[in-house]
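Let me begin by presenting the structure, written as structure tokens, before commenting on it.
Protein chains in written order, with UniProt numbering: chain A, 1 to 315; chain B, 1 to 352; chain P, 1 to 310.
Shown next, in the form of structure tokens:
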């Protein structure tokens with residue numbers, strides 16, 4: 001039996017992290033962009049919902065054993081669902097029923113979280129750092145450096161993202177997490193580079209950057225003390241939204257048979273397996289699809305909420 | 001006069017005898033903005049009037065409510081968050097706040113026009129200036145595209161834009177700041193309105209260009225006998241063109257006077273402070289006066305006279321009681337026509 | 001304007017060569033032998049393989065192969081050969097391309113009409129019920145991966161309601177393409193709606209909008225001429241880059257609905273390791289992408305004079 005009570009405990013633990021911070025800020029306190037954004041976020045229902053969701057997802061990814069005692073891989077063939085509709089309903093044995101090999105669908109949902117979250121976070125981290133550096137250099141130095149880097153970005157951008165990842169993945173026979181991450185990051189960085197370049201070009205023209213230059217600050221100092229902190233906002237927003245996109249892409253690739261392969265537990269693989277029973281036992285297809293969509297939704301919602309908070313114009 | 005009125009529902013045309021009062025009269029106007037931090041009271045009971053051919057200068061710092069009042073007259077306030085809880089805006093005796101939207105729209109541009117501060121952002125970047133000028137004739141007079149274009153060129157000539165014919169199909173960003181402001185003026189003048197509201201028309205311009213643009217505006221005003229409301233924070237601009245001045249502070253008029261009298265004998269400490277902070281050649285070497293403190297936060301205007309925290313002469317009375325805008329007289333009680341002050345101690349200020 | 005066009009064209013040239021080279025390197029650095037794959041498990045004699053390799057130029061250095069390939073495209077419009085059937089890629093493509101174009105065009109029309117439509121409704125009703133409903137709807141669409149969306153549509157409309165056939169028949173009728181087009185265009189539709197909404201909300205606050213009101217223009221004209229002209233600029237840019245993405249996205253959608261188009265071909269050539277076909281197909285997609293993005297840039301310049309004279 002999956003341990004449902006643990007979930008409830010976790011909810012209690014989760015609550016303070018959402019509404020604990022700072023009691024009412026004093027009205028006279030000077031307001032900053034991030035301070036204002038935070039004030040906004042705290043009362044944005046989208047932000048609260050997505051934060052709670054992401055908190056749980058991270059918890060599940062880190063400690064899947066906390067949420068289920070069943071094994072996602074060891075199945076009891078006797079329990080397979082064929083011809084046993086009672087095994088495919090919510091609340092049935094194993095909570096969400098069993099798949100064709102008699103493995104608990106619920107346990108596979110829980111254990112599949114890790115692959116998606118790891119891929120999402122790793123790809124986002126790599127892409128943000130790599131694309132960020134390229135974009136920052138191109139945006140800050142301009143001229144031929146910008147022309148060169150921008151054309152290189154264009155070249156990678158010219159290949160459709162999913163298609164490129166498919167080609168890269170096909171080159172590997174053993175598709176580990178790192179391989180999938182590499183395949184997605186290989187073309188994914190261009191988006192970040194473009195966002196960062198745009199942000200840096202905007203910030204570069206700000207008076208405080210000119211002032212810092214006039215005061216004799218060095219390039220490194222200007223880049224990291226003045227430009228980077230102010231150019232980060234759009235990058236963080238795009239990165240958060242992209243994280244959801246990468247999770248979706250990983251699932252798509254796994255579904256196509258080009259991403260993870262068994263014995264890795266992945267929602268995409270489970271959906272792919274569920275397709276074979278699409279007419280009879282839709283639960284195999286349904287639950288991982290819902291879980292996957294919910295995860296993607298959480299990150300996209302978070303990104304949107306942060307974007308709106310940072311840019312009051314959009315409201 | 002070439003204005004062709006095709007629509008009968010438009011309020012009485014110029015020079016008709018139906019209405020004898022002032023061209024525009026603002027009565028006890030209040031405007032507030034509902035923000036997430038509370039209600040900002042931007043305008044708190046403003047009264048002023050303008051006659052045909054007359055220039056009223058509205059003077060004040062940013063946040064004094066001078067632009068908000070103008071936007072309320074023009075009907076271009078963002079509502080929400082803006083709200084007009086009370087007051088009247090009478091144009092030729094008719095309250096515009098009670099008019100149907102469609103009637104109001106027909107007044108805008110045709111009877112009352114506005115010139116904005118930043119011509120670059122106030123002109124549509126993706127339409128040619130000829131299109132934007134011609135639009136006035138096409139929409140309000142149903143003119144053909146070709147005729148409208150011709151009128152646009154005439155207008156550009158009128159505001160002294162060189163090579164108007166060649167430049168009519170240029171875009172706003174292709175003009176210099178001064179030329180762009182001339183286009184704004186041309187657009188406001190297009191239908192020869194009765195009243196023009198100019199909201200800091202020269203603030204964004206170079207000093208040399210400022211004078212040219214102001215002269216042009218004054219010249220055209222005389223030619224068409226228009227009423228003009230000139231909103232500014234620049235006392236220098238006002239002196240040459242205005243007939244009378246209303247000084248605003250924290251959403252109220254604190255002093256009203258014919259222009260030269262105000263300069264000679266201010267009746268409010270705030271006006272005095274403003275005048276004293278103008279650099280003067282004959283006082284070279286002395287320290288320049290500055291009004292202490294900051295403009296008030298409209299979310300919580302100080303009690304009593306809003307100016308009291310910054311006023312050198314404030315007393316306990318000023319901190320508790322809001323001074324009314326009362327007529328100002330000579331020491332012997334003789335009338336000073338058109339003069340009013342909202343200071344408990346106006347006598348001391350003007351005669352002291 | 002002329003200079004702008006010239007600059008964009010010049011920028012396109014290195015990108016074309018760079019992208020094709022990148023595809024070439026990616027595909028041909030794949031381990032596995034494209035020729036050996038032809039014979040399945042039984043295999044063939046080493047001499048036969050060597051002969052075939054020589055025939056297709058696979059024994060030459062990769063850069064030489066690339067050079068021959070590119071000159072073939074430029075001089076003879078030759079995009080390579082499909083080894084399996086020994087047919088030119090252009091011919092293979094000739095069968096599949098019209099289907100995919102049909103699908104992509106339908107999806108594009110769909111996102112154009114509904115995306116912009118929903119965006120306008122949300123933009124004009126910013127902060128109100130319709131806006132929030134559209135916001136949630138688009139968030140959901142963006143969050144549901146394409147293949148999941150495909151299954152949902154199949155389950156509901158084919159299996160539960162029986163309105164459509166789960167798979168497209170061999171005749172590939174236009175009416176059968178509606179469901180796949182909705183799936184293919186769904187994600188972009190949501191993006192277009194959001195972009196339109198954002199752009200409109202932003203432009204609604206622009207100073208020139210206030211001027212338009214002050215000019216006494218009727219509301220229809222203020223929104224139709226002044227607001228839309230400005231708000232559509234970023235949307236059109238997005239739509240342009242999206243044409244290429246639709247073609248790429250067809251890989252998943254065509255598989256779901258059994259449409260025999262370019263997407264299916266690409267998937268097949270990836271899993272069968274038909275490098276030559278794959279390179280040819282992707283190169284065509286890249287050309288389509290580059291040409292559309294150039295056209296969009298030109299359109300952009302027409303719409304936004306500030307770019308034209310920059």
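Here a beta-carbon is modelled for each residue, glycine too, at the ideal position from N, C-alpha and C.
Fair warning: this is a prediction, and the values are worked out from it, not measured in the lab.
Do residue i and residue j have their C-beta atoms closer together than 9 Å?
| i | j | result |
| --- | --- | --- |
| residue 338 of chain A | residue 243 of chain A | The first residue shown for chain A is 1 and the last is 315, placing residue 338 of chain A beyond what the model contains. |
| residue 253 of chain A | residue 167 of chain A | no |
| residue 105 of chain B | residue 217 of chain P | yes |
| residue 134 of chain P | residue 197 of chain P | yes |
| residue 239 of chain A | residue 68 of chain A | no |
| residue 31 of chain B | residue 68 of chain B | yes |
| residue 40 of chain A | residue 309 of chain A | yes |
| residue 214 of chain P | residue 114 of chain B | yes |
| residue 21 of chain B | residue 138 of chain B | no |
| residue 139 of chain A | residue 198 of chain A | yes |
| residue 259 of chain P | residue 100 of chain P | yes |
| residue 203 of chain A | residue 135 of chain A | no |
| residue 258 of chain B | residue 339 of chain B | yes |
Applying a beta-carbon distance threshold of less than 8 Å, which residues of chain B neighbour residue i?
| i | result |
| --- | --- |
| residue 207 of chain P | 116, 118, 121, 122 |
| residue 301 of chain P | Under the 8 Å cutoff, chain B gives no residues; its nearest Cβ is about 11 Å from residue 301 of chain P. |
| residue 226 of chain P | 124, 127 |
Check the Cβ-Cβ distances between residue i and every residue of chain D, and say whether any is below 9 Å.
| i | result |
| --- | --- |
| residue 211 of chain P | The displayed structure is made up of protein chains A, B and P, and chain D is not among them. |
Residues of chain A with CB closer than 7 Å to the CB of residue i, please, in chain order.
| i | result |
| --- | --- |
| residue 245 of chain P | 160 |
| residue 180 of chain P | Within 7 Å Cβ-Cβ: nothing; residue 180 of chain P doesn't reach chain A, min ~16 Å. |
Assuming residue i and residue j make a contact with CB atoms under 8 Å, what is their CB distance in whole Å?
| i | j | result |
| --- | --- | --- |
| residue 249 of chain A | residue 294 of chain A | At roughly 16 Å, the Cβ-Cβ gap does not stay under 8 Å, so residue 249 of chain A and residue 294 of chain A are not in contact. |
| residue 143 of chain P | residue 285 of chain A | At roughly 17 Å, the Cβ-Cβ gap does not stay under 8 Å, so residue 143 of chain P and residue 285 of chain A are not in contact. |
| residue 195 of chain B | residue 23 of chain B | 6 Å |
| residue 168 of chain P | residue 180 of chain P | 7 Å |
| residue 149 of chain A | residue 159 of chain A | About 17 Å separates the two Cβ atoms, so there is no contact after all. |
| residue 256 of chain P | residue 183 of chain P | 7 Å |
| residue 214 of chain B | residue 203 of chain B | The Cβ separation is near 11 Å, so there is no contact. |
If the cut is a Cβ gap below 8 Å, which residues of chain P does residue i touch?
| i | result |
| --- | --- |
| residue 125 of chain B | 208, 230, 304, 305, 306 |
Check the Cβ of residue i against every Cβ in chain A and list those closer than 8 Å, keeping chain order.
| i | result |
| --- | --- |
| residue 270 of chain P | 166, 167, 170, 258 |
| residue 165 of chain P | Residues of chain A passing the Cβ test: none, with the nearest at roughly 14 Å. |
| residue 177 of chain P | Those within 8 Å of residue 177 of chain P in chain A number zero; the least Cβ separation is about 20 Å. |
| residue 151 of chain P | 271, 275, 278, 285, 289 |
Since residue i meets chain A, which of its residues come closer than 9 Å, beta carbon to beta carbon?
| i | result |
| --- | --- |
| residue 26 of chain P | 159, 164, 167, 168, 171, 186 |
Starting from the beta carbon of residue i, find every residue of chain P whose beta carbon is closer than 9 Å, and list them in chain order.
| i | result |
| --- | --- |
| residue 156 of chain A | 18, 19, 22 |
| residue 139 of chain B | 215, 216, 217, 218, 221 |
| residue 37 of chain A | Ordered by position in chain P, no residue passes the 9 Å Cβ test against residue 37 of chain A, which lies about 17 Å from the chain. |
| residue 105 of chain A | Here the premise fails: no neighbours, minimum Cβ distance about 16 Å. |
| residue 130 of chain B | Near residue 130 of chain B there are no residues of chain P at all, since even the closest Cβ is about 13 Å away, more than 9 Å. |
| residue 296 of chain A | 142, 143, 144, 145 |
By the criterion of Cβ-Cβ separation under 7 Å, what are the contact partners of residue i in chain P?
| i | result |
| --- | --- |
| residue 74 of chain B | 214 |
| residue 240 of chain A | Within 7 Å Cβ-Cβ: nothing; residue 240 of chain A doesn't reach chain P, min ~13 Å. |
| residue 255 of chain A | 147 |
| residue 300 of chain A | 139, 142, 143 |
| residue 251 of chain A | 145 |
May I ask you to verify whether the region 122–133 of chain B touches the region 221–232 of chain P, counting CB pairs closer than 8 Å and requiring at least 3? yes
contact_flag[the region 240–258 of chain B, the region 304–322 of chain B] where n(CB pairs < 8 Å) is 3 or more: A contact is defined here as three or more CB-CB pairs under 8 Å, and the region 240–258 of chain B meets this definition with respect to the region 304–322 of chain B.
If we count Cβ pairs, one from each stretch, closer than 8 Å, do we get three or more for the region 231–249 of chain P versus the region 285–298 of chain P? yes
The region 16–47 of chain B: positions lying closer than 9 Å to chain P by Cβ: Per Cβ criterion, the list is empty.
At a cut of 8 Å, does the region 308–326 of chain B reach the region 217–232 of chain B through at least three beta carbon pairs? no
Examine the Cβ distances between the region 110–117 of chain P and the region 83–93 of chain P and report whether three or more of them are shorter than 8 Å. no
Pairing CB atoms from the region 54–70 of chain A with CB atoms from the region 113–120 of chain A, are three or more of them under 8 Å? yes
Closer than 8 Å is the cut-off here; do at least three beta carbon pairs connect the region 151–162 of chain P with the region 201–212 of chain P? Look at the beta carbons and you see the region 151–162 of chain P not touching the region 201–212 of chain P: under three pairs across the two are nearer than 8 Å.
Are at least three pairs of beta-carbons, each pair with one atom in the region 35–52 of chain B and one in the region 215–224 of chain B, less than 8 Å apart? no
Please list, in chain order, the residues of the region 88–105 of chain B that have any C-beta partner in chain P closer than 9 Å. 101, 102, 104, 105
Quick one: any contact between the region 295–304 of chain B and the region 269–280 of chain B, if contact means 3 or more CB pairs under 8 Å? No, the region 295–304 of chain B is not in contact with the region 269–280 of chain B.
Identify each residue in the region 276–297 of chain P for which the Cβ-Cβ distance to at least one residue of chain A is less than 8 Å, and report them in chain order. Here the close residues are 278, 282, 285, 286, 289, 290.
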